[in-house]
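For the record, the sequence lines run as chains A and B. Just so it is clear: in the first sequence, position 91 is 91 by the numbering used here, and no numbers are missing. Just so it is clear: in the second sequence, position 199 is 401 by the numbering used here, and no numbers are missing. All residues carry an ideal CB built from backbone N, CA and C; glycine is no exception. Reviewing the structure listed below.
There are 2 protein chains.
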Amino acid sequence: MKEKKTSPYHHGNLKEALLKTALEMIDREGLDAITLRDLTQRLGTSRTAVYRHFASKEVLILGVIEKGYEQLDLLFTPIFQDRTRSVAERFETMGRAYLDFAVEHPNLYRLLFGEKFRREREEICDYKNETQANGLYALIGLLLEAQEEGIVARENPMVQAATVWASIHGLASLLIDGHLLMSDNIEAIYEYSQGMLLKGLR
Amino acid sequence: MKEKKTSPYHHGNLKEALLKTALEMIDREGLDAITLRDLTQRLGTSRTAVYRHFASKEVLILGVIEKGYEQLDLLFTPIFQDRTRSVAERFETMGRAYLDFAVEHPNLYRLLFGEKFRREREEICDYKNETQANGLYALIGLLLEAQEEGIVARENPMVQAATVWASIHGLASLLIDGHLLMSDNIEAIYEYSQGMLLKGLR
DNA sequence: CATATAATGTTAGCATTGTCAACATTATAT
DNA sequence: ATATAATGTTGACAATGCTAACATTATATG
Chain A
1 MKEKKTSPYH
11 HGNLKEALLK
21 TALEMIDREG
31 LDAITLRDLT
41 QRLGTSRTAV
51 YRHFASKEVL
61 ILGVIEKGYE
71 QLDLLFTPIF
81 QDRTRSVAER
91 FETMGRAYLD
101 FAVEHPNLYR
111 LLFGEKFRRE
121 REEICDYKNE
131 TQANGLYALI
141 GLLLEAQEEG
151 IVARENPMVQ
161 AATVWASIHG
171 LASLLIDGHL
181 LMSDNIEAIY
191 EYSQGMLLKG
201 LR
Chain B
203 MKEKKTSPYH
213 HGNLKEALLK
223 TALEMIDREG
233 LDAITLRDLT
243 QRLGTSRTAV
253 YRHFASKEVL
263 ILGVIEKGYE
273 QLDLLFTPIF
283 QDRTRSVAER
293 FETMGRAYLD
303 FAVEHPNLYR
313 LLFGEKFRRE
323 REEICDYKNE
333 TQANGLYALI
343 GLLLEAQEEG
353 IVARENPMVQ
363 AATVWASIHG
373 LASLLIDGHL
383 LMSDNIEAIY
393 EYSQGMLLKG
403 LR
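What follows is the structure, given as structure tokens:
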């Protein structure tokens with residue numbers, strides 16, 4: 001399929017390759033560690049080839065962010081929408097999947113849910129963080145279902161969703177940023193959190 | 203008091219001035235925005251004067267972090283220890299003060315509770331994040347008091363503290379990092395969070 | 001098919017920034 | 001009083017993002 005000639009002048013699919021490799025590098029080494037020179041060298045092109053596809057390093061990163069959200073979407077949507085499982089089950093599974101993702105991909109998690117390029121995400125790309133919004137809406141949907149079942153109080157689901165998300169995001173952040181020193185208790189903390197959330201939402 | 207001569211060769215108190223100004227700059231413009239050249243220029247010294255007091259930029263930042271924790275301590279300790287107020291009141295006031303600090307000093311908040319230099323904080327300085335630990339211990343103490351009063355279940359207070367901290371940290375982070383778009387609802391979200399926490403802890 | 005034009009890639013070089021080495025000036029101690 | 005330590009300065013280097021000018025390949029249009 002792919003011609004493996006000794007580096008042809010035109011890469012063929014450099015844009016996608018840049019996004020893919022950049023995402024991998026960020027995932028592995030963190031946002032601050034990646035360098036355009038390093039990135040391009042791994043792809044066998046010259047350092048400025050990036051600029052034929054992205055206006056700047058920042059714009060490239062914005063592409064990576066978009067790609068990251070898409071991957072998250074692929075991961076989470078099935079869990080949310082698995083109607084074969086009870087609301088409580090989906091809630092539990094979802095929380096665990098979210099935490100697992102953060103722990104397994106801390107650098108990527110920070111990129112997606114951190115502060116960097118916040119303004120630019122909405123200015124340059126106008127996809128308005130669709131996926132992230134999707135995630136919130138999915139959570140709101142789940143909470144509405146839970147309200148139907150009577151296991152969650154009938155209050156503003158947006159406020160509830162924000163509260164739930166904040167709880168889990170806080171736990172994920174403290175964990176991957178090394179602020180919870182009693183790491184062996186993670187499981188206990190997570191279970192307590194879940195229980196407290198369910199109890200508090202009732 | 204201070205001699206305002208036309209820049210004497212020796213600054214007199216450069217180390218403290220560096221820490222103070224660096225903290226102000228980080229608070230205002232964020233960690234990534236500060237530059238040793240910029241910093242030293244504002245203090246009227248040459249760019250490399252820093253290295254007579256700090257081994258590197260990173261070590262300087264570690265000093266700023268320490269200073270930041272001290273300031274936080276000064277701000278929070280009185281609230282925790284104000285025995286004239288009920289446990290519930292202190293809990294409420296504390297949460298609000300914490301959130302206020304994050305919103306008013308987002309860059310500083312990210313520096314103190316973010317990921318950067320995590321390892322180095324414990325390797326180089328050996329103060330072991332005393333203040334942060336102090337904060338957690340103070341919260342644990344408050345929870346123990348609350349357990350005495352019967353408004354919080356008698357379970358592992360460390361786990362409870364981590365859960366509470368995660369909730370509020372998550373809310374603060376999502377807020378200052380721009381992930382909660384319905385910014386007008388912040389107050390509602392915060393109040394709901396507090397209520398949910400108290401209910402869930404019971 | 002031929003060739004003009006767009007797309008894509010390369011090399012050279014600049015500005016910024018952290019850092020080091022060598023040197024200069026001031027404070028402190030003996 | 002002067003040797004030594006403390007503190008500050010200048011010059012330079014390497015890494016990095018980026019621009020300009022040029023080179024090569026693909027695509028389209030006659």
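I want to see whether chain B comes within less than 8 angstroms of residue 179 of chain A, judged by CB atoms only; does it? So, interface residue.
For residue 169 of chain A, which residues in chain B fall below 7 angstroms Cβ to Cβ? Within 7 angstroms of the CB of residue 169 of chain A, the CB atoms of chain B belong to 372, 375 and 376, in sequence order along the chain.
For residue 286 of chain B, is the classification buried or exposed, using 16 other Cβ atoms within 10 angstroms of its Cβ as the cut-off for buried? It is exposed - the Cβ of residue 286 of chain B has fewer than 16 other Cβ atoms within 10 Å.
Rounding to the nearest angstrom, what Cα-Cα distance links residue 247 of chain B and residue 227 of chain B in this structure? Looking at the two C-alpha atoms, the distance is approximately 16 angstroms.
Pairwise C-alpha distance: residue 18 of chain A and residue 381 of chain B: Computed Cα separation, rounded: 27 angstroms.
Buried or exposed for residue 12 of chain A, going by 16 or more other Cβ atoms inside 10 Å? Around the beta-carbon of residue 12 of chain A, fewer than 16 other beta-carbon atoms lie within 10 Å, marking it exposed.
Residues in its own chain within less than 6 angstroms of residue 31 of chain A by CB, not counting five upstream and five downstream? So the list reads 111, once near-sequence residues are dropped.
Please say whether residue 101 of chain A and residue 142 of chain A have beta carbons closer to each other than 8 angstroms? Their beta carbons are not under 8 angstroms apart, which means residue 142 of chain A does not touch residue 101 of chain A by this criterion.
Contact set between residue 151 of chain B and chain A, taken where Cβ atoms lie within less than 9 angstroms: Limits of chain B in this structure are 203 at one end and 404 at the other, which puts residue 151 of chain B out of reach.
Distance between residue 230 of chain B and residue 67 of chain A (C-alpha atoms, nearest Å): Here the alpha carbon of residue 67 of chain A sits roughly 31 angstroms from the alpha carbon of residue 230 of chain B.
Would you mind stating whether residue 374 of chain B and residue 300 of chain B have Cβ atoms separated by less than 8 angstroms? Yes. Within cutoff.
What does a CB cutoff of less than 7 angstroms around residue 1 of chain A pick up in its chain, not counting 5 residues either side in sequence? Any reading at residue 1 of chain A must be qualified, since the residue scores a pLDDT of 35, below 50, and its modelled position is unreliable; no value is offered.
Best match in A:176, A:107, A:76 and A:177 for proximity to residue 91 of chain A [C-alpha to C-alpha]: Nearest option by C-alpha distance: A:76.
I believe residue 168 of chain A touches residue 95 of chain A by the beta-carbon criterion, under 8 angstroms. Please report the beta-carbon distance rounded to the nearest angstrom. Contact between residue 168 of chain A and residue 95 of chain A is confirmed by a C-beta separation of about 6 angstroms, below the 8 angstroms threshold.
May I ask you to list, following chain order, the residues of the segment 51-73 of chain A that have a beta carbon less than 9 angstroms from some beta carbon of chain B? When CB distances to chain B are screened at a threshold of 9 angstroms, not a single residue of the segment 51-73 of chain A falls below it.
Proximity test, Cβ basis, 8 angstroms: residue 354 of chain B and chain A: So, not an interface residue.
Beta-carbon contacts of residue 266 of chain B that lie in its chain and below 8 angstroms, excluding the five residues immediately before and after: The beta carbon of residue 266 of chain B sits closer than 8 angstroms to those of 221, 224, 225, 228 and 313, all from its chain and outside the five residues before and after it, given in chain order.
Determine whether the Cβ of residue 394 of chain B lies closer than 8 angstroms to any Cβ atom of chain A. True, the Cβ-Cβ gap to chain A drops below 8 angstroms.
If residue 354 of chain B and residue 404 of chain B are in contact, beta carbons under 8 angstroms, what's the gap, nearest whole angstrom? Taking the Cβ atoms as the reference, residue 354 of chain B lies roughly 6 angstroms from residue 404 of chain B, within the contact range of under 8 angstroms.
Is the CB-CB distance between residue 319 of chain B and residue 264 of chain B below 8 angstroms? Against a cut-off of 8 angstroms, the Cβ pair of residue 264 of chain B and residue 319 of chain B comes out as a contact.
Taking only runs that begin and end inside the segment 36-123 of chain A, name each unbroken alpha helix (DSSP H) of 4 or more residues, in chain order. For the segment 36-123 of chain A, whole alpha helix (DSSP H) runs of length 4 or above, ordered along the chain, are 36-43, 57-81, 87-104, 106-113 and 118-123.
Taking C-beta pairs closer than 8 angstroms, name the residues in chain A that residue 227 of chain B reaches, listed in chain order. Against chain A, a Cβ distance below 8 angstroms from residue 227 of chain B picks out nothing, because the smallest value is about 17 angstroms.
Does residue 304 of chain B have its Cβ less than 8 angstroms from a Cβ in chain A? At a cut-off of 8 angstroms between beta-carbon atoms, residue 304 of chain B makes no contact with chain A.
With a threshold of 7 angstroms on Cβ separation, who are the neighbours of residue 49 of chain A within its own chain once the five nearest residues in sequence on each side are excluded? Excluding positions up to five away in sequence, the list reads 14 and 40.
For residue 262 of chain B and residue 235 of chain B, what's the separation of their Cα atoms in angstroms? Roughly 15 angstroms separates the two Cα atoms.
Given that residue 87 of chain A touches chain B, what residues does it touch there, using C-beta distances under 8 angstroms? Per Cβ cutoff of 8 angstroms: no residues; residue 87 of chain A is ~18 angstroms from chain B at best.
What three-state label does DSSP hand residue 352 of chain B in the structure shown? Residue 352 of chain B: coil per DSSP, three-state reduction.
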